[in-house]
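**Student:** Sharing a structure with you now.
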Amino acid sequence: MSNFYHMPVLPKPDAKKVTINVDGADVEVPEGTNLVEALKTIGIDTPHFCYHQDLPVSGNCRQCMVETDGPRGMGLAIACYTPVRAGMKVATDRSSDKVKQARQAVMEFQLANHPLDCPICDKAGECSLQDNYMAAGRHESRMREDIGKLYKGSPEFRHEDAKGQERGGKHVDLGPTVILDQERCILCDRCVRFMRSVAGEEQLYINQRGDHAFLSTFPGMELKHDYDLNVTDICPVGALTGKHFRFRQRVWNLSKTETIDPFDSLGANITVEHNDGQAWRIMPRRNPEVNKSWISNRTRLEYQKLSKDRLTAGSFQKAEVPLAQAVARAGELVRGARKVAVVASGTLTLEDNAALQALVAGLDKKAELFSGSWAKVGSPDGIAQSGDPVGNRLGLKLLGISENLDELVARAKEFDVLLVAGHDLWALDAQKAKALEAIPERIVLSPWHDATTAKATLSVGVRAWAEVRGTMVNCQGRIQMLNAAPILPSPDLEPVWQVVSSIGKLGWTSELDAYKAAQAGIPALAGINYRGIGSQGRLLEGVVA
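Using our numbering, read the sequence shown as starting at 2 and increasing by one per residue.
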């Protein structure tokens with residue numbers, strides 16, 4: 002097992018600046034930070050394998066070598082573990098041949114026995130070995146063909162391939178979600194540190210020592226944790242891969258759309274990665290104030306639902322109808338109703354819920370707005386989930402929308418039209434929802450065929466969370482952006498706010514109209530536009546979580 006070290010000291014906006022000399026020039030950097038981070042602030046990237054911003058520093062790969070001054074003059078040191086001090090001298094590969102040679106030597110050792118799996122490796126295109134070889138390697142190979150490579154791996158998985166070459170462990174099944182290619186592993190031990198320090202369950206370790214060392218689980222155990230797929234992200238090579246994505250896509254073909262997880266009130270920052278109109282994976286997007294570099298397996302696998310059981314048209318009296326016809330019919334039912342119950346949702350954006358508010362306001366006294374959720378609320382896991390599955394709960398509160406869904410159940414017989422958006426009420430609590438069947442006309446806006454659309458008299462397909470642009474307020478009081486990935490199963494689908502605008506004849510033409518309506522109801526949003534929210538979100542002043 003690797004040793005435990007301290008967490009890296011990262012630059013802070015209010016950190017004191019000190020002057021150091023880098024490659025012969027005086028520069029100002031944050032005091033006390035480790036050199037990897039300090040050099041980054043002045044535009045110098047340092048190659049590394051084992052270092053990670055959100056993991057304890059182990060300093061075992063030696064790829065981040067620089068020269069620093071000491072009692073014996075300039076000497077090699079690892080930048081990940083060396084703190085900045087005022088007046089220190091640093092030489093990088095820009096000015097030091099010794100640094101260049103040291104980094105090149107590390108690359109030679111790393112690649113000496115690494116398999117030539119790049120053509121079939123899922124990490125190709127985002128592999129630190131490839132990147133660092135181009136930046137710090139490019140050495141002349143000294144491998145002798147008559148000796149060949151010595152592939153690492155546990156004895157139980159060693160085998161001879163078709164060419165007579167002894168191989169290490171390949172495609173080792175570690176558990177429900179992760180596959181290990183032991184011979185690709187460079188022993189950075191990021192995964193070991195993640196499971197120990199972040200996940201809190203030490204399920205991985207480095208077995209044996211020296212050139213016999215290999216990554217493994219503890220005897221008789223498997224890698225199984227709600228966050229175990231994060232080890233595939235932080236693995237700098239293709240040693241650890243997720244079963245859900247293995248051999249599915251080449252990463253250089255994927256485009257990325259920044260958004261957030263709407264199914265937990267922390268709102269973990271993520272990217273939806275897509276190609277040819279389909280989402281292929283969800284990856285964590287680092288936000289040090291929200292989820293750092295981590296997402297749960299539940300969040301990561303939400304992409305699989307985006308192409309399943311989608312409601313891409315309308316349904317009226319159990320017959321499929323075009324979306325435009327379904328929306329028109331919904332408008333007729335709502336405007337002609339005696340009394341309408343509208344249900345807002347914390348899994349929808351501020352824009353969607355502002356539209357539902359505006360619809361109710363436009364119908365005057367014959368409409369009432371309800372909200373709430375029957376989903377169970379758990380406890381925070383301290384990593385990337387709050388335990389509250391209602392992502393925009395605080396946003397609803399700021400809009401002044403009460404949680405009174407149970408009141409609707411008790412008063413169901415008062416209404417002749419029900420409009421539900423962003424809820425699968427019958428799936429969450431069929432017994433409670435059954436009372437709503439007393440309402441003659443039940444209109445459901447949903448991205449999916451689900452238990453609630455099955456009980457609808459009129460259903461309308463809408464865009465899913467990954468296909469809309471809008472905002473949510475997380476449990477910290479931070480407003481965050483969702484962005485639309487180009488993965489619509491039908492070009493006719495529209496976001497909830499736009500469908501509601503059509504039903505209520507609001508005349509809104511873009512999500513900015515909907516956002517302005519939300520701003521009017523939330524004083525803390527005054528003066529904040531989409532650009533001002535930024536990719537990391539923005540804490541709202543005066544908002545108590």
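Backbone N, C-alpha and C define an ideal beta-carbon position, used for all residues, glycine too.
1. Taking DSSP as the reference, what is the three-state secondary structure of Y531?
2. Kindly indicate which three-state DSSP category I121 falls into: helix, strand or coil?
3. Closest by CA to R19, which one among L11, A368, K13 and E29?
4. Decide if P441 is buried, meaning its Cβ has at least 16 other Cβ atoms within 10 Å, or exposed.
5. Over what stretch of residues does the alpha helix (DSSP H) that includes T454 continue unbroken?
6. Exposed or buried, which one is W253 when buried takes at least 16 other CB atoms within 10 Å?
7. Under a Cβ-count criterion, where at least 16 other Cβ atoms within 10 Å of its own Cβ denotes burial, should L459 be classed as buried or exposed?
8. Under 7 Å from any heavy atom of the ligand HEM, does the C-beta of N114 make it?
9. Per DSSP, L540 is paired with what?
10. Helix, strand or coil: which one does DSSP assign to K56?
11. Candidates V445, K435 and K17: which alpha carbon is nearest G332's?
12. Using DSSP with H/G/I as helix, E/B as strand and the rest coil, what is L489?
13. With three or more C-beta pairs closer than 8 Å as the rule, is the stretch 312 to 320 touching the stretch 389 to 397?
14. Would you call G201 buried or exposed, if buried means 16 or more other Cβ atoms sit within 10 Å of its Cβ?
15. Fully enclosed by the stretch 379 to 456, which alpha helix (DSSP H) runs are 4 residues long or longer?
16. Please go through the same chain and pick out, in chain order, the residues whose beta-carbon is closer than 8 Å to the beta-carbon of N61, but skip the five residues on each side of it.
17. Out of A327, Q166, Q279 and A125, which one is the CA nearest neighbour of D234?
18. Extract the residue ranges of the alpha helix (DSSP H) inside the stretch 290 to 323, only unbroken runs of 4 or more that lie entirely within it.
19. Between the Cα of V463 and those of L307, S129 and A78, spot the shortest distance and give me the residue it belongs to.
20. Please return the same chain residues whose Cβ sits closer than 6 Å to the Cβ of G170, not counting the five positions on each side in sequence.
21. Alpha carbons only, please: which of V391, F371 and K99 is nearest the one belonging to R412?
22. Kindly list the residues whose CB is nearer than 7 Å to the CB of S97, restricted to its own chain and excluding five residues on each side of it in sequence; keep chain order.
23. Compute the distance between the beta-carbons of A519 and L513, then report whether it is under 8 Å.
24. Check this for me: beta carbons of V173 and L241, under 8 Å apart or not?
25. Please classify F219 as buried or exposed, where buried requires at least 16 neighbouring CB atoms within 10 angstroms.
26. If contacts are defined as beta-carbon pairs under 8 Å, then V100 and A92 qualify, I think. What distance do you get, rounded to the angstrom?
27. Taking DSSP as the reference, what is the three-state secondary structure of P31?
28. Under a three-way DSSP split, which group does F215 fall into?
29. Can we say the stretch 489 to 499 touches the stretch 349 to 358, given the rule of at least three CB pairs closer than 8 Å?
30. Check whether the Cβ of K244 lies closer than 8 Å to any Cβ atom in chain C.
31. My guess is that A457 and A280 are in contact by the Cβ rule of under 8 Å, so how many angstroms apart are they, rounded?
32. Pair every Cβ in the stretch 283 to 293 with every Cβ in the stretch 466 to 485, then say whether three or more of these pairs are closer than 8 Å.
33. Applying the 10 Å Cβ sphere with the 16-neighbour rule, what's the burial state of E161?
34. Which residue marks the beginning of the beta strand (DSSP E) containing G76, and which one marks its end?
35. Run the CB neighbour count on L151, radius 10 Å, all protein chains shown included, and call it buried at 16 or more, exposed below.
**Tutor:** Reading from the atomic positions:
1. helix
2. helix
3. Checking the sequence, you will find Val at residue 19 rather than Arg. Looking at the Cα atoms, E29 is the closest of the given residues.
4. exposed
5. A452 to A455
6. exposed
7. buried
8. In the structure on display, the ligand HEM does not appear, and there are no ligands present to speak of.
9. R479
10. What sits at residue 56 in the sequence shown is Leu, not Lys. It is coil, neither helix nor strand.
11. V445
12. coil
13. no
14. exposed
15. 394 to 400, 406 to 411, 426 to 429, 431 to 434 and 452 to 455
16. S3, C51, L188, C189 and D190
17. A125
18. 298 to 301
19. L307
20. G154, S155, F158 and Q183
21. F371
22. E68
23. no
24. no
25. exposed
26. 6 Å
27. strand
28. strand
29. yes
30. Here there is only one protein chain, and chain C is not present.
31. Between A280 and A457 the Cβ distance is about 26 Å, and since that is not below 8 Å, they are no contact.
32. yes
33. exposed
34. G74 to I79
35. exposed
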